[in-house]
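Take the sequence shown: its position 54, counted from the start at 1, is 1254 in our numbering, and no numbers get skipped. Note that the Cβ used here is the ideal one computed from N, Cα and C, for glycine as well. Step one of this worksheet: look at the structure below.
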Amino acid sequence: MTHQPSDMADALQGATMDRILQEISALGCRLECMDNRMISLTEETKSMRLDIAGFQSRVTTLEQRVTAVEAQATLTEDRDQELLYLRSKVIDLEDRSRRDNVRFLGFLEEIEVADVQSLLKNI
């Protein structure tokens, strides 16, 4: 069996063409697989963006609440200081009130003005 060079060239060319077609077909499958992966990644990215937007909203809300709590804490501290001041003032006033209330034991409740001088002389 002798092959003629043109038959061999045709056979080689046919085999090469078949191989090229197989490679192109394989590349098409790979390209389709990569497209599917790209679509999947795009969907995951969109989902992550939505999650991040939700987190940003929650963080903003939390920051506002923390600011409000800090303002309330400052107000509470100011009121606490004022309460301590007023409490010490009440204690001072009560002490002064007690000192002004001197009791004299052994004297009559009702004394006439003229008798006060004589009463004080007898003490």
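Original post:
What's the C-alpha gap between leucine 1227 and aspartate 1218?
Top reply: Near 14 Å, if we compare the C-alpha coordinates of aspartate 1218 and leucine 1227.
Original post:
In this structure, does DSSP put glycine 1306 in helix, strand or coil?
Top reply: If DSSP states are grouped into helix, strand and coil, glycine 1306 belongs with coil.
**OP:** Work out the CA separation of threonine 1261 and methionine 1234 for me, nearest whole Å.
**Re:** 40 Å
Original post:
According to DSSP, is asparagine 1236 helix, strand or coil?
Top reply: helix
Original post:
What residues in its chain sit with their C-beta under 8 Å from that of serine 1247, if we drop five residues either side in the sequence?
Top reply: The answer is none, since no qualifying residue turns up.
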